[in-house]
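**Student:**
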Amino acid sequence: MAPSKKSSSGESINSRLALVMKSGKSSLGYKSTLKTLRNGKAKLVIISGNTPPLRKSEIEYYAMLAKTSVHHFSGNNVDLGTACGKYFRVGTLTILDAGDSDILKTE
Numbered sequence: 005m006a007p008s009k010k011s012s013s014g015e016s017i018n019s020r021l022a023l024v025m026k027s028g029k030s031s032l033g034y035k036s037t038l039k040t041l042r043n044g045k046a047k048l049v050i051i052s053g054n055t056p057p058l059r060k061s062e063i064e065y066y067a068m069l070a071k072t073s074v075h076h077f078s079g080n081n082v083d084l085g086t087a088c089g090k091y092f093r094v095g096t097l098t099i100l101d102a103g104d105s106d107i108l109k110t111e
């Protein structure tokens, strides 16, 4: 029973992410994530599952200082890139404006 719940949760985050990429504002990548966290513009940070631990902890630390929520994506960086509708790998993703999506309310 639990794996089916997990897969539906994964599907919902993917559909919400697709809606954010279409109607909202986001920035892809590690450097731009740190910039938006330092500027205080980030609303939500999504980190892929295979991000190195040091980089992950640094992003979490910046997010804690900026009072921004962090979501750990269950898949790897290839899956996160596919969920964003891109043909390349995405290690970290920052949502600046959710647009029509309710992704900020569920996290």
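For the sequence shown, this note's numbering begins at 5 and goes up steadily by one. Using N, Cα and C, we set each Cβ at its ideal position, and we do this for glycine too.
#1: Could you check the C-alpha separation between ARG93 and SER73 for me, to the nearest Å?
#2: Buried or exposed: LYS35, going by 16 or more other Cβ atoms within 10 Å of its Cβ?
#3: State the CB to CB distance for the pair LEU97 and SER30, rounded to an integer number of angstroms; the pair is presumed to be in contact (CB under 8 Å).
#4: ASN81: buried (16+ other C-beta within 10 angstroms of its C-beta) or exposed?
#5: Between which two residues does the beta strand (DSSP E) containing THR98 stretch?
**Tutor:** Taking the geometry as given:
#1: Taking the first residue of the sequence shown as position 1, residue 93 is located at position 89. Taking the first residue of the sequence shown as position 1, residue 73 is located at position 69. Roughly 22 Å separates the two Cα atoms.
#2: As a first step, residue 35 must be located in the sequence shown, where it is residue number 31. So LYS35 counts as exposed.
#3: Here residue 97 corresponds to residue number 93 of the sequence shown, with the count starting at 1. Here residue 30 corresponds to residue number 26 of the sequence shown, with the count starting at 1. LEU97 to SER30, Cβ: 6 Å. Contact.
#4: As a working note, residue 81 is residue 77 in the sequence shown. So ASN81 ends up on the buried side.
#5: Here residue 98 is taken as the residue at index 94 of the sequence shown, counted from 1. Counting along the chain, the beta strand (DSSP E) containing THR98 begins and ends at 96-101.
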